[in-house]
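A.B. asks:
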Amino acid sequence: MLQTVALSCLRGDRRLFSDLNITVQPGTLLAVVGENGSGKTSLLRMLTSLLSPEEGAILWQGQDIREQREQYCAQLTYIGHLNGIKDDLTAMENLSLSASLVGDHCDGPAAHAALEAVGLRRQAHQLPTKVLSQGQKRRVALARLWLSARTLWLLDEPFTSLDTAATGLVTEQLHAHLKRGGIAVVVTHQEVGLPSGLVQRLRMNG
Amino acid sequence: MYWGSVSEFLAMGGYGLYVWTSFIATALGITWEVLALWRRRAAALADSRGIVRSIE
Amino acid sequence: MNWSKYSAPLAFYPLAGKMIPWFSAVAALAIAVGLYIGLLVAPTDFQQGDSYRIIFVHVPAAWMSMFLYVVMAIWAGVGMGLNARLSFMMAQAIAPTGAMFTFLALLTGAMWGKPTWGAWWVWDARLTSELILLFQYAGVMLLRTSIDDLRRADRASGVLALVGVVNIPIIYFSVKWWNTLHQGASVSMTAAPKMATIMLTAMLLMTFGFWMYSIAVILSRVRCVILERESQPAWGNPSAAPEVAEAR
Amino acid sequence: MNRPSLWEALRGVVRRDLLLAMRRRSDVVMSVFFLVIVASLFPLGVGPEPAVLRTIGAGVLWVAALLACLLSLGRVFTADYLDGVLEQMVLIAQPLPVLVVGKVFAHWIVSGLPVVLLSPLLGLQFGLDGEALGVLVLSLLLGTPTLSMIGAIGAALVLGVRGSGLLVALLVLPLYVPVLIFGAGAVTSSMAGIGGEANLSLLGACLVLSLFFSPWATAAALRIALE
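From first to last, the protein sequence lines stand for chains F, Z, P and S. Quick note: the first sequence uses my numbering, first residue 33, plus one each step. Quick note: the second sequence uses my numbering, first residue 59, plus one each step. Quick note: the third sequence uses my numbering, first residue -5, plus one each step. Quick note: the fourth sequence uses my numbering, first residue 2, plus one each step.
1) In this structure, does DSSP put Ala94 (chain S) in helix, strand or coil?
2) For Val65 (chain P), which residues of its own chain have a beta-carbon under 7 Å away from its beta-carbon, when the five flanking residues on both sides are left out?
3) Excluding the five sequence neighbours on either side, which residues of its own chain have a C-beta within less than 7 Å of the C-beta of Thr183 (chain F), listed in chain order?
4) Which same chain residues end up closer than 6 Å to Leu48 (chain F) when comparing Cβ atoms and leaving out the 5 residues on each side of it in sequence?
5) Pick helix, strand or coil for Gly133 (chain P), following the three-state DSSP scheme.
6) Using a Cβ-Cβ cut-off of 6 Å (strictly less than) and excluding sequence neighbours within five positions of Ala67 (chain P), which residues of its own chain qualify?
7) Would a check of beta-carbon distances place Trp106 (chain P) closer than 8 Å to chain Z?
8) Between the segment 93 to 102 of chain P and the segment 45 to 58 of chain P, do at least 3 Cβ pairs fall closer than 8 Å?
9) According to DSSP, Leu42 (chain P) sits in a beta bridge with which residue or residues?
10) Apart from the five residues just before and just after Phe81 (chain Z), which ones in its own chain have a Cβ nearer than 8 Å to its Cβ?
11) Among S:Val188, S:Ser165, S:Gly197, S:Val180, which one has its Cα closest to the Cα of Val149 (chain S)?
12) Cα-Cα, which of F:Arg46, F:Asn53, F:Arg43 is closest to Val37 (chain F)?
13) Taking the Cβ atom as the reference point for each residue, do Leu72 (chain S) and Phe127 (chain S) lie within a distance shorter than 8 Å?
14) With a 10 Å radius around its C-beta and 16 neighbouring C-beta atoms as the bar for buried, classify Arg25 (chain S) as buried or exposed.
15) Taking Ser63 (chain Z) as the query, report the chain P residues whose CB atoms sit under 8 Å from its CB, ordered along the chain.
16) Would a C-beta distance cut-off of 8 Å place Ala21 (chain P) and Ala210 (chain P) closer than the cut-off?
17) Please tell me whether Pro8 (chain P) and Glu224 (chain P) are closer than 8 Å, where the distance is taken between their beta carbons.
18) I'd like to know if Leu93 (chain Z) contacts chain P, where contact means its C-beta is closer than 8 Å to some C-beta of that chain.
19) May I ask you to list the residues that DSSP assigns as paired with Leu186 (chain F)?
20) With 7 Å as the C-beta to C-beta threshold (strictly closer), list the residues of the segment 76 to 87 of chain S near chain F in chain order.
21) Roughly how many angstroms separate the alpha carbons of Val217 (chain F) and Leu76 (chain F), rounded to a whole number?
22) Whose C-alpha, out of P:Ile31, P:Asp44, P:Leu33, is nearest the C-alpha of Thr110 (chain P)?
23) When DSSP labels each residue in this structure, what does Glu132 (chain S) get in the three-state scheme?
24) Quick one: grab the DSSP three-state call for Glu228 (chain S).
25) Quick one: Cα of Leu201 (chain F) to Cα of Leu87 (chain S), how far?
26) Do we get a CB-CB distance below 8 Å when we pair Asn115 (chain F) with the residues of chain S?
27) Does any residue of chain F have a CB that is nearer than 8 Å to the CB of Leu212 (chain S)?
28) Give me the chain F residues within the contact set of Gly13 (chain S), using Cβ-Cβ distance strictly less than 8 Å, ordered along the chain.
29) So, Lys169 (chain F) versus Asn115 (chain F), is the Cβ gap smaller than 8 Å?
30) On the three-state DSSP scale, how would you describe Ile195 (chain S)?
31) Any heavy atom of the ligand ZN inside 7 Å of the beta-carbon of Val231 (chain F)?
32) Is the segment 225 to 237 of chain F close to the segment 54 to 66 of chain F, with three or more CB pairs under 8 Å?
33) If contact means a Cβ-Cβ distance below 8 Å, which residues of the segment 89 to 121 of chain S contact chain P?
34) Output the distance between the C-alpha atoms of Trp115 (chain P) and Gly107 (chain P), rounded to the nearest integer angstrom.
35) In chain order, what residues of the same chain have a beta carbon less than 6 Å from the beta carbon of Gly225 (chain F), not counting five sequence neighbours either side?
36) Output, in chain order, the set of chain F residues within a Cβ distance shorter than 9 Å of Arg25 (chain S).
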């Protein structure tokens, strides 16, 4: 269970939000929507522990995440609006390196399977990612979701530059994650195509 | 009083140039800092939109 | 640790305002008496002649420059430990005064060195570490001004200040070692081994005066910093809390 | 729990950076080339007298190594910061200072080690003889990792800051002074017949000190930069 308690956020001298209380239960997804600059990404970065809250706290299983940073990090997969992939490495290298760095199990066949699951054909696997299109790079980043057995997924605009087919694939993977009892927080400006019972919406006002 | 005359005092036993440069430089540094702070304060007050009245 | 975050700077502002005149008055008095004793009463040093009188500004400036750097680093460390904004503001306010004293110490050091050693500059351990100290002050201030986000600027320059505190003694001892190795002019700034009481009195008075002056100036600057920061637009008007719509 | 062992994470960090360096070999070649050019310019400026060159040789090579290290500092974190790899690294469930050591080690392999390997050749240009050459190599071997460790603090502090290339030089050069003094001092004292051991052991002490402190400072600076 992921909770925020009286959370507030200050960027520069601008107060983005204050007194935010949300609870995300296992098996549900929190969709954070709102206009640009309303603090969606800041909230997500706070949930990753990258950004420390000005006031309030974030609780994971009832305990402040600042007191259990490493255990908490071991249970989350974060995909930011930056892809976190290296242009000079191939899709395969990127995926297997980033997965093994965080400790996800990843051998060659598993990496191939993940890339194919996200809709990247075999020919693209051994190409340096700098020759791939924006949408393909996004797919390489999102392929980590197929290797991640972690409880908490934090995704910042996962559907950006994805086509309809890939959006569908990622949504299905999210659905499977929730059915396993996982938790997801997704910052997005479009609807998440999941059954409404699984989705909780948080609208941020600028 | 140690010195016999003003000119003796200013000459500093032949080291007047070094001694007075040091003391005057220090005085200038302090004066400059105080003046700069004065102006910074004036500028900050002008921009503060009355916040001072509310806290003082 | 919420106690000091919003209230402290604004509560400190009037308090600082009340303290400034007192510290200024004490500073003026101590410096005036120190100058009187140092320039008019104290006798000529039989070894160095009257050039020794430079130490009445040089030594206090050098002491203040090092002392202020350590104090700045402590404030920055406290700021990072307690997440206290006022601490960072103090660190920010100390840097320019410290840098000025460092510069004065170097300048007066050169003025003292020319008649004493016959050279404006020697690679003495104290002078060299003082020069590096000036660079470090410059680095801390430059880093602060190059970062737009205030919170990040505070913390980044704080880390640099703390790293610098470790560096200065290492530099001092390394240059000292280096000098003995080269067997060059074994020079020391405290050439007078047994300083007459009257000279010592003048020097301590000047140091005390500089110290009080620093406090007055730093308090005054921290007031400016508080004003500049607190009067930023959109400060203190939080937008409405986000609405939560359950299971739409 | 999905948690890499510390060793795995450390090895992964080093492996990725070395792999990237292999893909972009021109970067490595450039900083080595820079070192050679700077070292070769000095005799042209000072004059060819062997006695003069021998006395300034150690200092010049050390300053050149320091500048080469400084030039390569931008590569430690900047690219990772821009493409989001850095924030993923910070979120690895292992202590960040240890991962920082991995990054710095990879940086040293790519930018420091070539300097160490090349230094005897450059030393010959300055007329350094057998024992002095050995001390030069040894001093660089002990000193360049320290330069990388200290430089990483500066590189992390200026991430995403405008004019960061010049700023990092201003921040880091004052911190390099002791290493420069001991490094060049080791060579000159061995040439003077005093033996370079004292300076070398001080260099070693600097290395140990920087290994202890700099990863913490760098990790703190990285977290600050990513906020």
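Backbone N, C-alpha and C fix where the C-beta goes; we use that ideal spot for every residue, glycine too.
C.D. replies: The structure says:
1) Look at Ala94 (chain S) here: in three-state DSSP terms it is coil, with no helix or strand label.
2) Hits under 7 Å: Ile88.
3) Excluding residues up to 5 positions away in sequence, Gln107, Gly214, Ile215 lie with their Cβ nearer than 7 Å to the Cβ of Thr183 (chain F) in the same chain.
4) Taken in chain order, the residues that qualify are Cys41, Gly71, Ser74.
5) Residue state, collapsed to three classes: helix.
6) Closer than 6 Å at the Cβ level, and outside the excluded window around Ala67 (chain P), lie Ala155, Leu156, Val159.
7) Output row for Trp106 (chain P): interface = yes.
8) Enough Cβ pairs lie closer than 8 Å, so yes.
9) The question names Leu, yet the displayed sequence has Gln at residue 42 (chain P). Beta-bridge analysis with DSSP links Gln42 (chain P) to no other residue.
10) There are no such residues.
11) Correcting the residue type first, residue 149 (chain S) is Ser in the shown sequence and not Val. Ranking S:Val188, S:Ser165, S:Gly197, S:Val180 by Cα distance to Ser149 (chain S) puts S:Val180 first.
12) Of the listed residues, the one whose Cα sits closest to Val37 (chain F) is F:Asn53.
13) The Cβ-Cβ distance between Leu72 (chain S) and Phe127 (chain S) does not fall below 8 Å.
14) Exposed, since its Cβ has fewer than 16 Cβ neighbours within 10 Å.
15) Taking a Cβ-Cβ cut-off of 8 Å, Ser63 (chain Z) has no neighbours in chain P, whose nearest Cβ is about 13 Å from it.
16) Closer than 8 Å, so yes.
17) With contacts defined as CB atoms closer than 8 Å, Pro8 (chain P) and Glu224 (chain P) fail to qualify as a contacting pair.
18) Nearest CB-CB separation between Leu93 (chain Z) and chain P: not below the 8 Å threshold.
19) According to DSSP, Leu186 (chain F) bridges with F:Tyr110, F:Val217.
20) Those would be Asp84, Gly85, Val86, in chain order.
21) Inter-residue distance for Val217 (chain F) and Leu76 (chain F) is about 8 Å (C-alpha atoms, whole angstroms).
22) Check the Cα spacing between Thr110 (chain P) and each of P:Ile31, P:Asp44, P:Leu33: the tightest is with P:Asp44.
23) Helix.
24) Assignment of Glu228 (chain S) by DSSP, reduced to helix, strand and coil, places it in the coil class.
25) Roughly 27 Å separates the two Cα atoms.
26) Judged by the 8 Å Cβ criterion, Asn115 (chain F) is in contact with chain S.
27) No, Leu212 (chain S) lies away from the interface with chain F (no Cβ there is under 8 Å from its Cβ).
28) Within chain F, the residues near Gly13 (chain S) are Leu129, Ser132, Leu133.
29) Yes, the Cβ-Cβ distance between Lys169 (chain F) and Asn115 (chain F) is below 8 Å.
30) Of the three classes helix, strand and coil, the one that applies to Ile195 (chain S) here is coil, per DSSP.
31) Among the components of this structure there are no ligands whatsoever, and the ligand ZN is therefore not found.
32) Look at the beta carbons and you see the segment 225 to 237 of chain F touching the segment 54 to 66 of chain F: at least three pairs across the two are nearer than 8 Å.
33) Near chain P, meaning a CB-to-CB distance below 8 Å, no residue of the segment 89 to 121 of chain S qualifies.
34) In this model, Trp115 (chain P) and Gly107 (chain P) are separated by some 7 Å (Cα to Cα).
35) Excluding positions up to five away in sequence, the list reads Thr203.
36) Going along chain F in sequence order, the residues near Arg25 (chain S) (Cβ under 9 Å) are Asp120.
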